[in-house]
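Respectively, the protein sequence lines represent chains A and B.
The opening residue of the first sequence carries number 27 in the numbering used here; numbering runs sequentially from there.
The opening residue of the second sequence carries number 27 in the numbering used here; numbering runs sequentially from there.
The C-beta atom is built at its ideal place from N, Cα and C for all residues, glycine as well.
Let me begin by presenting the structure, written as C-alpha cells, before commenting on it.
Number of protein chains: 2
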Amino acid sequence: MYKRKMEEDLDCGIRVALKLFGGKWKLCIIDAINKGIVRPVEIHKSISNSTLRVIEMQLAELLHFGLVDKCAEDVYPKKTAYQLTELGESMLHILAQIDHWGNEHSDYVKEKQQLLEEEA
Amino acid sequence: MYKRKMEEDLDCGIRVALKLFGGKWKLCIIDAINKGIVRPVEIHKSISNSTLRVIEMQLAELLHFGLVDKCAEDVYPKKTAYQLTELGESMLHILAQIDHWGNEHSDYVKEKQQLLEEEA
DNA sequence: TTCTATGCCGAATCTTTTTTCGGTTATTGT
DNA sequence: ACAATAACCGAAAAAAGATTCGGCATAGAA
Numbered sequence: 027m028y029k030r031k032m033e034e035d036l037d038c039g040i041r042v043a044l045k046l047f048g049g050k051w052k053l054c055i056i057d058a059i060n061k062g063i064v065r066p067v068e069i070h071k072s073i074s075n076s077t078l079r080v081i082e083m084q085l086a087e088l089l090h091f092g093l094v095d096k097c098a099e100d101v102y103p104k105k106t107a108y109q110l111t112e113l114g115e116s117m118l119h120i121l122a123q124i125d126h127w128g129n130e131h132s133d134y135v136k137e138k139q140q141l142l143e144e145e146a
Numbered sequence: 027m028y029k030r031k032m033e034e035d036l037d038c039g040i041r042v043a044l045k046l047f048g049g050k051w052k053l054c055i056i057d058a059i060n061k062g063i064v065r066p067v068e069i070h071k072s073i074s075n076s077t078l079r080v081i082e083m084q085l086a087e088l089l090h091f092g093l094v095d096k097c098a099e100d101v102y103p104k105k106t107a108y109q110l111t112e113l114g115e116s117m118l119h120i121l122a123q124i125d126h127w128g129n130e131h132s133d134y135v136k137e138k139q140q141l142l143e144e145e146a
C-alpha cells in the first residue's frame with residue numbers, strides 16, 4: 027500500500043475523523059451501503075462519475091479502518107456484500123447532517139461555483 | 027486560480043458540503059476562528075503542520091463561498107480578522123460532532139494507522 | 001466454446017492539492 | 001535607517017489522490 031511522505035498528526039478529532047471518511051467518495055459509499063446498496067458494482071453504479079476501481083480502493087480502506095465489513099460467500103457468482111460495522115453506524119447521524127446541510131445550500135454553492143468558472 | 031479539468035457534480039448534499047469544508051485544513055480553520063483565533067498568523071500557529079500559505083489560500087476559498095468574512099482595518103499593523111458568517115455558523119454543530127466523534131475513536135485510528143505504516 | 005459479469009488487484013498516468021520559495025507593501029520598534 | 005512582523009500573492013515543485021488500463025479468476029448465459 028501507499029507510503030506517506032509527510033507525517034500526519036491525528037491530534038485533533040477533526041483530523042482523525044477526516045482520515046476515516048474525508049475522501050472524495052467515502053461518505054457517498056457509506057451512504058450507499060446504508061441505503062442497502064451493498065455490492066461493489068452496485069455502489070459504483072449508484073455514484074455518478076465514480077470508477078469501479080476507486081470504489082474498490084475506498085472500500086478496502088473503509089474495511090481496514092473498520093467502518094465496513096465484508097461478507098463474501100465463496101460460491102456462485104461471488105456475491106460480495108459490504109455492510110456497516112458498529113463504528114460505521116456510529117457516524118451515520120453526522121453523515122445525515124452533512125447531507126442535509128449540503129442540500130440546504132446546494133443552489134447557493136452552485137452559483138458561487140459558477141462565478142469561479144466564469145472568471146477562469 | 028486553479029482550473030479544474032474534470033467536471034464535478036454537486037448533485038448530492040454530501041458533495042456540496044465537502045466542496046465547502048472538505049479540504050485538509052478548512053474545518054480546522056473554521057474551528058480556530060470559532061475559538062477566537064481570528065488572524066491569519068495566529069490561525070497558522072494554532073494548527074500544527076500547516077503552512078501560512080495554505081491557510082491564506084483556504085481562507086480565500088472560505089471567503090469566496092461565504093463561510094467567513096474578512097474585516098481588515100486598513101490602518102496600523104494591518105490587523106486583519108476573519109469571522110464566521112451566518113452560513114459558517116450554521117455548520118458549527120456538524121463540526122462539533124465530527125470533532126467529538128474523531129476524539130472518541132482517536133486511539134483506535136492511531137492503532138490502525140500504525141499497522142499500515144509497519145507493513146510498508 | 002465464447003461472451004459477459006463480478007470481484008479484485010498492480011502499475012502507469014493524470015489531476016488536484018499542498019508545499020516551498022520568493023516577492024510586494026506597509027507599519028512598528030530599535 | 002534598519003530589522004521585524006503582518007498580510008498577501010504568483011509560480012514551481014512535490015505530494016497525495018484519483019483514473020485508466022490491463023490483468024487474473026470464477027461462474028452463468030448464449
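Notebook entry, point to check: So, L110 (chain B) versus N60 (chain B), is the Cβ gap smaller than 8 Å?
Noted result: Position 84 of the second sequence holds residue 110 (chain B). Position 34 of the second sequence holds residue 60 (chain B). With respect to the 8 Å criterion, L110 (chain B) and N60 (chain B) are classified as neighbours on the basis of their beta carbons.
Check: Three-state secondary structure (DSSP) at C97 (chain A)?
Finding: As a working note, residue 97 (chain A) is residue 71 in the first sequence. Strand.
Checklist line | Inter-residue spacing [alpha-carbon to alpha-carbon] between L44 (chain B) and L89 (chain B) | finding: Residue mapping note: residue 44 (chain B) aligns to position 18 of the second sequence, counting from 1. Residue mapping note: residue 89 (chain B) aligns to position 63 of the second sequence, counting from 1. Those two C-alpha atoms are separated by around 15 Å.
Checklist line | Beta-bridge partners of A107 (chain B), as assigned by DSSP | finding: Counted from its first residue, the second sequence places residue 107 (chain B) at position 81. Assignment of beta-bridge partners to A107 (chain B) by DSSP yields B:C97.
Checklist line | Interface partners of L113 (chain A) on chain B, CB under 9 Å | finding: Counting from 1 along the first sequence, the entry for residue 113 (chain A) is found at position 87. Residues of chain B passing the Cβ test: H131, Y134.
Checklist line | Contact check, G39 (chain B) vs G128 (chain A), beta carbons under 8 Å | finding: For the purposes of this step, residue 39 (chain B) is taken as residue 13 along the second sequence, with counting starting at 1. For the purposes of this step, residue 128 (chain A) is taken as residue 102 along the first sequence, with counting starting at 1. Yes, they are a contact pair.
Next item on the list: Have a look at C97 (chain B) and E87 (chain B) and give me their C-alpha separation to the nearest angstrom.
Entry: As a working mapping, residue 97 (chain B) is identified with position 71 in the second sequence. As a working mapping, residue 87 (chain B) is identified with position 61 in the second sequence. Our two residues, C97 (chain B) and E87 (chain B), have alpha carbons roughly 16 Å apart in a direct line.
Next item on the list: Leaving out five residues on either side along the sequence, give the residues of the same chain with a beta carbon under 6 Å from the beta carbon of A58 (chain B).
Entry: Taking the second sequence and counting its residues from 1, one reaches residue 58 (chain B) at position 32. Contacts found: I69, S72.
Next item on the list: Report the rounded CA-to-CA distance for L53 (chain B) versus L121 (chain B), giving the unit in angstroms.
Entry: Here residue 53 (chain B) is taken as the residue at index 27 of the second sequence, counted from 1. Here residue 121 (chain B) is taken as the residue at index 95 of the second sequence, counted from 1. CA-CA distance, L53 (chain B) to L121 (chain B), rounds to 7 Å.
Notebook entry, point to check: Can you name, in chain order, every residue of its own chain whose Cβ lies under 7 Å from the Cβ of G114 (chain B), other than the five neighbours on each side?
Noted result: Numbered from its first residue, the second sequence carries residue 114 (chain B) at position 88. Here the set comprises I56, L93, V94.
Next item on the list: Can you pull the chain A residues whose beta carbon is under 7 Å from the beta carbon of H126 (chain B), in chain order?
Entry: For this step, residue 126 (chain B) is matched to residue 100 along the second sequence. By Cβ distance, chain A contributes G39.
Item checked: Under the three-state DSSP convention, the category H131 (chain B) falls into -> Here residue 131 (chain B) refers to the residue found at position 105 when the second sequence is read from its first residue. Residue state, collapsed to three classes: coil.
Next item on the list: Output, in chain order, the set of chain A residues within a Cβ distance shorter than 8 Å of L53 (chain B).
Entry: As a working mapping, residue 53 (chain B) is identified with position 27 in the second sequence. Chain A residues near L53 (chain B): I40, L44.
Check: According to the Cβ coordinates, are V42 (chain B) and H126 (chain A) closer than 8 Å?
Finding: In the second sequence, counting from the first residue as 1, residue 42 (chain B) sits at position 16. In the first sequence, counting from the first residue as 1, residue 126 (chain A) sits at position 100. Going by C-beta atoms, V42 (chain B) is not nearer than 8 Å to H126 (chain A).
Check: If we count the other Cβ atoms within 10 Å of its Cβ and call it buried at 16 or more, is L46 (chain B) buried or exposed?
Finding: In the second sequence, the residue the question calls residue 46 (chain B) occupies position 20. Burial call: buried.
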